[in-house]
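All letters in the sequence shown, in the order written, are residues 122 to 289 by the working numbering.
Structure first, then comments.
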Amino acid sequence: MTNQRTAKNKQSSFMVSVEYGYEDLFLELELGRFCTTPLHAQRIANSVNSVILLENHMVVIFKNAESITINDDFLKHEYKFKICIKPKLLPFELSSFINQERDLFITNQMYIAIEEDLKEVNWDIKTAFRYLQQQCDEWDQSYFLFSFSSSYVVPLLVPVQREIQHAT
């Protein structure tokens, strides 16, 4: 009979991805497929600290201070860009709201983008960079720092052939 601790430590195959965004542009980055425990797969997803988009490449910085550089020749199929097609609403000054009004406003679905509001675009890094420059009227900006949006740990039916070691 398996107990709860044994079930938590049972290794399975997982696809681990993270999503980061800047304004209405989102980046989905697949970190890999791993044969590990569910807890360790989530730790892998949480190991990314930030993503910086530059004109010709992206830098993924991990919490252990290591980084990788992604360009259109290296790891091209490990990322994809999505844009939010939900119409933008005018910003509000939340400080004038009382707590209850602020809570209602923050949870208002009109201001929250969901997966159905995102459209995948087949862009390379340079196109995504130019798009953000145009959207933000920042032609002289040399990089865009993406902020965390979400992580995905998806169980796979087909086992990964070998265990991949990952420093977290």
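Just so it is clear, CB atoms sit at the ideal spot from N, CA and C, and this is done for glycine as well.
Quiz item: Could you give the uninterrupted runs of the beta strand (DSSP E) lying entirely in the segment 124-209, keeping only those of 3 residues or more?
Solution: 133-143, 146-157, 169-175, 179-183, 188-191, 200-205
Practice problem: Could you say which of 242, 142, 154, 197 lies nearest to residue 276 if we only look at CA atoms? | Solution: 154
Quiz item: CA-CA distance, residue 263 and residue 249?
Solution: 13 Å
Quiz item: So what does DSSP say about residue 267, is it helix, strand or coil?
Solution: strand
Quiz item: Quick one: Cα of residue 170 to Cα of residue 222, how far?
Solution: 33 Å
Self-check item: Range of the contiguous beta strand (DSSP E) that encloses residue 278
Solution: Careful: residue 278 lies outside any beta strand (DSSP E) and carries neither H nor E.
Exercise. Round the Cβ separation of residue 148 and residue 267 to the nearest angstrom and send it over; I've been treating them as touching at under 8 Å.
Key: 6 Å
Exercise. State the beta-bridge partners of residue 240 as determined by DSSP.
Key: 204
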